[in-house]
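Remarks on the structure that follows.
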Ligand code: NAP
Ligand code: SF4
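Residue numbers (the numbering used here): 69 to 740.
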């Protein structure tokens, strides 16, 4: 019997029966904007082949003013329809199903033509929207219905009408963004008129035998959000208007509560979806931070939803569903919810991919073909770069020996996994362990790969990583100065700590040092209290006063650059790290010069003139001053005439992270 009986129970939608309870949620990958429809089709076909019951595309604009940015993909012309047919045909050929999301961005549309119920600018957009008149609203409804008809013509199995996350339809629902006094604003009935009318008109336009998902915002997480009664009334009205599934959304994009980042507990919002169960008769889908079959099965078994939506986990592993069905869950490459290669790319206008799986969205470009002439290849270093290279080389048929002087694999990922809020890295380490064990790789841990030991291989991949940079601060040899490696591996730290360097690791160490007990990421109630999330039945939008835990110690975070510390952290996650540390009272100071370590702390000055020296009291000083490449082996081997490839931190230490390391390792392996 399947270990996931609820996950693999078919779902009868009337005109169609879905084979399991897994939906691939909408992701804006920027793939459609490439207009390379073969590539778009390859992306979705791989996920269809992997067994997911139903997929939802990235948001397609119903008209120019509703696009997330000027030039955003949509279905505007006959040519667009035939392009989308390439995708739907490939998905159907794989036995899959796909619905197109219709996304009207409203005031989030990143351009001067954006429209909204009222002319109120979003705090996360520079563009004030134009308030629509009655005719303008009618046009938006008609355009959305037309987009649904075009989706049907393009071969989609359904549409998802995006009504959450603070986009156009959601904006009508709350007084925060809707100050109208006509029939589209004012009373709750008037505010919900637009979304309900959209669903009614879409259903009328597409007919009965077509999936119509409505994505409803269950928890706005912004001031003046919906009450729970309003949410339930909308759900019922949308069902009556013709929705066949309710998918759920959590949090507007401008919300100051993280909803999908790695520090958000798994299944953090399934309890909200559970509140809606029984209020409607159509299937209800839950989402957010569900990334393993065990978690998905549990939320279904507990009656939190009829289906689960996962999005990013399908970037990490297109075969998620098939592996779960075959009881091979440990082989599922885990989404660690880092956003580094997906959302951070999307918001930077780049094509999304995945830190764990660089082939995501690059299915036609990064191909691991069987090697024409298999070689004996030594990979030195079992961190993310070496591991990904070794696995990809093995997959291609090379004979790989993987060395690491440490007794465990994973390199610096082992340090990341110790940081509160980064527990997901443990799953990534486990996955690498499983995949190496199942591969043909000859793994040699606790083994120093000397030049003599590896010189006899056909080729050598040097992935020896980095060593901490020496900041050369006068007096840093004192016993109360530690490196981040010491601290993260358990060295005692006093009541007051100063951190030198405010990069990714400085922030991680600050979180590690301020956390008193177990990480709130592992305790949902603590996490909800910390971020001020409460039952939407008791507070509009589910917002309460945040109650962060008291910090474990006093921490000061320093950098030399005269800019806001943390400015260079991840585009979609940096604000979370900054907010978390502010809540813990961490003082962050930029523009300092390190004058010297003293028994009572660290003396710094400020400004280019090194004025106003002051002692920052500390009983421990932690050096997080970046890293330098460790690649002495590469030089020795090259001098002997060996074929050597240097990857990961050993190649470039600056701004090294697991994303670049894994990508580089995989890309190199594809070429050897
Ligand atoms: P980093 O991000 O390059 O930051 C190094 C820090 O050290 C900077 O704040 C820098 O600021 C300071 N620094 C550099 N040279 C110094 C010197 N000679 N003396 C004193 N301070 C110096 O490196 P990292 O923090 O070690 O992180 C390594 C990589 O891992 C980064 O790419 C980072 O993005 C990644 N990472 C990411 C995350 C994440 O959450 N996404 C978490 C951890 C690590 P000043 O030069 O201004 O002083
Ligand atoms: Fe998940 Fe990170 Fe991959 Fe995005 S980049 S899909 S968050 S593992």
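Cβ coordinates follow ideal geometry from the N, Cα and C atoms, glycine included.
All values reported here derive from a predicted model rather than from experimental measurement.
Would a C-beta distance cut-off of 9 Å place residue i and residue j closer than the cut-off?
i: residue 362; j: residue 384; result: no
i: residue 382; j: residue 562; result: no
i: residue 345; j: residue 364; result: no
i: residue 453; j: residue 170; result: no
i: residue 223; j: residue 157; result: yes
i: residue 261; j: residue 271; result: no
i: residue 741; j: residue 340; result: The structure shown has nothing for residue 741, since the chain only spans 69 to 740.
i: residue 597; j: residue 528; result: no
i: residue 583; j: residue 620; result: yes
i: residue 531; j: residue 669; result: no
i: residue 137; j: residue 177; result: yes
i: residue 115; j: residue 426; result: no
i: residue 556; j: residue 577; result: yes
i: residue 468; j: residue 701; result: no
i: residue 318; j: residue 232; result: yes
i: residue 693; j: residue 486; result: no
i: residue 85; j: residue 75; result: no
i: residue 624; j: residue 684; result: yes
i: residue 464; j: residue 737; result: yes
i: residue 337; j: residue 302; result: no
i: residue 133; j: residue 201; result: no
What I want to know is whether the C-beta of residue i ends up closer than 8 Å to one or more non-hydrogen atoms of the ligand NAP.
i: residue 415; result: no
i: residue 278; result: no
i: residue 686; result: no
i: residue 636; result: yes
i: residue 335; result: no
i: residue 629; result: yes
i: residue 545; result: no
i: residue 71; result: no
i: residue 235; result: no
i: residue 569; result: yes
i: residue 540; result: yes
i: residue 645; result: yes
i: residue 573; result: yes
i: residue 693; result: yes
i: residue 467; result: no
i: residue 537; result: yes
Within the present structure, is the beta-carbon of residue i separated from the nearest heavy atom of the ligand SF4 by less than 8 Å?
i: residue 115; result: no
Under a three-way DSSP split, which group does residue i fall into?
i: residue 733; result: helix
i: residue 456; result: helix
i: residue 326; result: coil
i: residue 571; result: coil
i: residue 388; result: helix
i: residue 579; result: helix
i: residue 425; result: coil
i: residue 529; result: strand
i: residue 277; result: coil
i: residue 360; result: coil
i: residue 554; result: helix
i: residue 673; result: strand
i: residue 536; result: strand
i: residue 144; result: coil
i: residue 630; result: coil
i: residue 232; result: coil
i: residue 434; result: coil
i: residue 282; result: strand
i: residue 382; result: helix
i: residue 193; result: coil
i: residue 220; result: helix
For chain B, check one thing: does any of its Cβ atoms lie closer than 9 Å to the Cβ of residue i?
i: residue 231; result: Judged by its chain identifiers, the structure shown contains no chain B, having just a single protein chain.
For the ligand PLP, is there a heavy atom less than 8 Å away from the beta-carbon of residue i?
i: residue 493; result: Here the bound small molecules are the ligand NAP and the ligand SF4; the ligand PLP is not part of this structure.
Touch test, the stretch 145-165 against the stretch 205-214, Cβ-Cβ under 8 Å, three pairs minimum
no
Inspect the CB distances between the stretch 636-653 and the stretch 402-411 and report whether three or more fall short of 8 Å.
yes
Closer than 6 Å from C-beta to any heavy atom of the ligand SF4: which residues, in chain order?
380, 383, 384, 403, 404, 405, 406, 407, 408, 409, 410, 422, 423 and 424
Across the stretch 684-696 and the stretch 546-553, are there enough close Cβ pairs to call them in contact, namely three or more that are closer than 8 Å?
yes
How do the stretch 512-522 and the stretch 434-441 stand: do at least 3 beta-carbon pairs fall below 8 Å, yes or no?
no
If we count Cβ pairs, one from each stretch, closer than 8 Å, do we get three or more for the stretch 606-625 versus the stretch 289-297?
yes
On the three-pair Cβ rule with 8 Å, is the stretch 226-234 touching the stretch 166-180?
yes
Within 8 Å, do at least three Cβ pairs link the stretch 370-377 to the stretch 99-113?
no
Taking one C-beta from the stretch 389-403 and one from the stretch 122-130 each time, how about it: are there three or more such pairs within less than 8 Å?
no
Sufficient close CB pairs (3 or more, under 8 Å) joining the stretch 670-683 to the stretch 501-510
no
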